[in-house]
Amino acid sequence: MAFMEKPPAGKVLLDDTVPLTAQIEASQSLHSHTEYIIRVQRGVSAENSWQIVRRYSDFDLLNNSLQISTLSLPLPPKKLIGNMEREFIAERQKGLQAYLDVITTHHILSNCEVVKKFLDPNSYSVNYTEIALQHVSMFFRSEPKWEVVEPLKDIGWRIRKKYFLMKIKNQPKERLVLSWADLGPDKYLSDKDLQYAVKLLSSCSHPYIYKVTFAIANESSALVIRPFSEKGTLKDLIYKAKPKDPFLKKYCNPKKIQGLELQQIKTYGRQILEVLKFLHEKGFPYGHLHSANVMLDGDTCKLLDLENSLLGLPSFYRSYFSQFRKINTLEGVDVHCFGHLLFEMTYGRPPDMIPVESFPPAPSVFVVSVLESILTCEAMKNGMPTVSRLLQMPLFSDVLLTNSEKPQFKVPTKLKEALKTSKECIEKRLTEEQKLFHQHRRLTRAQSHHGSEEEKKKRKILARKKSKRSAYESGEEHSAKYSNSNNSGSGASSPLTSPSSPTPPSTAGASSIPPAPPPPPLSPAAPPPPSTEVPMQPSPRPDVSTSRGALLSSIQNFQKGTLKKTQTCDYSAPRIS
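So the number in this note's numbering is just where the residue sits in the sequence shown, counting from 1, plus 242.
What follows is the structure, given as structure tokens:
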């Protein structure tokens, strides 16, 4: 078959759902225009970044392309006179930065092709519509019974997936949709297993899985044909949109926001949970649940795009659940995505942020109970409930399913093992991405805390205290050094012996030096014989307490009668001659 023969070479498996952030670093004026130097980063790694240069006219072209969304985007207005003044350029740079912040944080806009090409022209220079047409043309050479009616331009959100409205030549009234998709970064099946698994999709029969008419894959892409539904998807019902309109036009800015009826929420939710449970039991990975992947057939919801996980395509909500480490299995991913879908069915719009802090009034408290078990901060920390647990909750447990079609989906044992290995690889990549995000978040929080005004004040106070303490300690150290220098002088002038220093042994006759004697008595006693022992080293200064005791004893024992009488000659009187 021609479709199987020519996969494109030089393939890059890039995850298009990884968010791009953009920061204007500088501006430069050249002749009659100003260029803005922008730093673009993919994901949380600063190493994965690059510079681009854009003029205001480039921003204006981008904004014109996004007008189909009918969103009011904050692009600064044009100015013909005075647009080269320094103050104006600085003000415009702030406005352009605010514009970039809006389009890079908007979930749908940030994933559209024109925004990706604006921020990362090197990775998105390929025209995927032309590549899809080449593959479809090759397919028609070997399958002449099919015929293209028209291309369905941009009806999906994926950059590397294109759609065509088709018909069978001998059944001209029947309409079908052909989808062509490139392989993604989570493609871990071998080429042989991939081709077999994709071909197996047409044999799957389940009341809540949309029928696949034809499916085929090669080494680089896959092609799937399904019946076209004029009623559209569940998302078309919620947003009251036309199925053939571009994705940006249908879902970015709905004219009227209104959720579904309670009975619809209960029935559709129960049907979707039943098919998820079926796929989980079969060991078939999904991970791509959102309201645009649920086709409506009367009052029945039917799941679309089972081939996405086989081809390794990233999930629509990946940028949300990749932030939470407890959502680390495809079963958990399906439950998290179900929470988004249930919120959309209830309130007619997606949640403003994840996790959700509080929920608006709902048609039933049971709806809020399910949402709280999936989308709150506590749920993100504790992990997702199982599909079986959700089916037992009051919102869905009393729903009666009337469809009696028996599910049939036989997956050979060998392919089951390959699918299990592929699922583990997908979950491993998710876990590694969550780990990097968690490390980046901790670092960002630490830097933010370190740079806060309160923290700066604390550091200043601590620095002053530390400076005072250092000055005090250096003063004490200087005093101690000065005191020690005095101690190291002569023995007669040295202060008290340190308590930690050992007392040198005393020698006979030199154990103590008596204090100065009182005035000599009338009959002085003979002095004691001098000691004949010569000390080997100078005698140490006597203990102060001993000296003071001797002095006090000498004063107490003093007798006035022992003093010698003296005669005084007074020559102070004047002499008269």
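Every residue, glycine too, gets a C-beta built ideally from N, C-alpha and C.
Roughly how many whole angstroms lie between the Cα atoms of residue i and residue j?
i, j, result
"Pro756", "Ala792", "Because the pLDDT at Pro756 is just 46, under 50, the model does not fix this residue reliably, and the point stays unresolved."
"Ile233", "Tyr714", "Given that the chain is displayed from residue 243 to residue 819, the structure contains no residue 233 and the question cannot be resolved."
"Pro780", "Lys708", "For Pro780, the pLDDT reaches just 47, beneath the cut-off of 50, and the residue's location in the model is therefore unreliable, although a value from the coordinates is still provided. So the two alpha carbons sit approximately 46 Å from each other."
"Glu599", "Leu465", "41 Å"
"Leu521", "Pro527", "7 Å"
"Lys497", "His349", "18 Å"
"Gln339", "Tyr481", "31 Å"
"Ser307", "Ser630", "44 Å"
"Phe301", "Pro593", "28 Å"
"Pro654", "Thr673", "28 Å"
"Arg560", "Thr475", "21 Å"
"Arg821", "Tyr278", "No answer is possible for residue 821: the residues shown for the chain start at 243 and end at 819."
"Asp539", "Arg591", "22 Å"
"Leu518", "Asp424", "25 Å"
"Asp576", "Gln270", "48 Å"
"Asp396", "Leu685", "39 Å"
"Val821", "Thr347", "As displayed, the chain neither begins before 243 nor continues past 819, which places residue 821 out of reach and without an answer."
"Ala264", "Leu553", "30 Å"
"Ala457", "Arg334", "51 Å"
"Ser551", "Cys579", "15 Å"
Applying the criterion that 16 or more other CB atoms from any shown protein chain within 10 Å of the CB defines a buried residue, is residue i buried or exposed?
i, result
"Ile668", "buried"
"Glu516", "buried"
"His273", "exposed"
"Met595", "exposed"
"Asp541", "exposed"
"His275", "exposed"
"Lys658", "exposed"
"Arg706", "exposed"
"Ile401", "buried"
"Met622", "buried"
"Asp428", "buried"
"Glu620", "exposed"
"Thr644", "exposed"
"Asp258", "buried"
"Glu573", "buried"
"Val356", "buried"
"Lys403", "buried"
So, with DSSP's three-state summary, where would you put residue i?
i, result
"Met587", "helix"
"His868", "Residue 868 is absent from the model: the chain starts at 243 and stops at 819."
"Gln293", "strand"
"Val454", "coil"
"Cys543", "strand"
"Ser367", "coil"
"His522", "helix"
"Arg567", "coil"
"Glu385", "coil"
"Arg701", "helix"
"Pro780", "Low local confidence applies: a pLDDT of 47 at Pro780 is under 50, so the model's placement there is unreliable, and no value is given."
"Lys429", "coil"
"Val440", "helix"
"Lys403", "strand"
"Leu262", "strand"
"Pro536", "Per the sequence presented here, residue 536 reads as Val, with Pro not at that position. Strand at Val536."
"Ile825", "Residue coverage of the chain in this structure runs from 243 to 819, which leaves residue 825 outside it and unanswerable."
"Asp435", "helix"
"Leu531", "coil"
"Ala268", "strand"
"Tyr510", "helix"
"Gln801", "coil"
"Lys498", "coil"
"Glu503", "coil"
"His348", "coil"
"Ser557", "coil"
"Leu255", "coil"
Any idea which residues DSSP pairs residue i with across the strands?
i, result
"Arg417", "Lys409"
"Val390", "Met408"
"Met626", "For Met626, which the question treats as bridged, DSSP gives no partner whatsoever."
"Ser447", "Gln650"
"Asp424", "Ser463"
"Pro469", "Leu418"
"Arg284", "Leu262"
"Thr475", "Met537"
task: With a floor of 4 residues, list each alpha helix (DSSP H) that falls wholly inside the segment 629-666, ordered by position along the chain.
output: 629-633 and 636-639
task: Output the residue ranges of the alpha helix (DSSP H) runs that lie fully inside the segment 297-343 and measure 4 residues or longer, sorted by chain position.
output: 298-307
- prompt: What are the start and end residues of each continuous alpha helix (DSSP H) run of 4 or more residues lying completely inside the segment 570-618, in chain order?
  reply: 572-589 and 607-617
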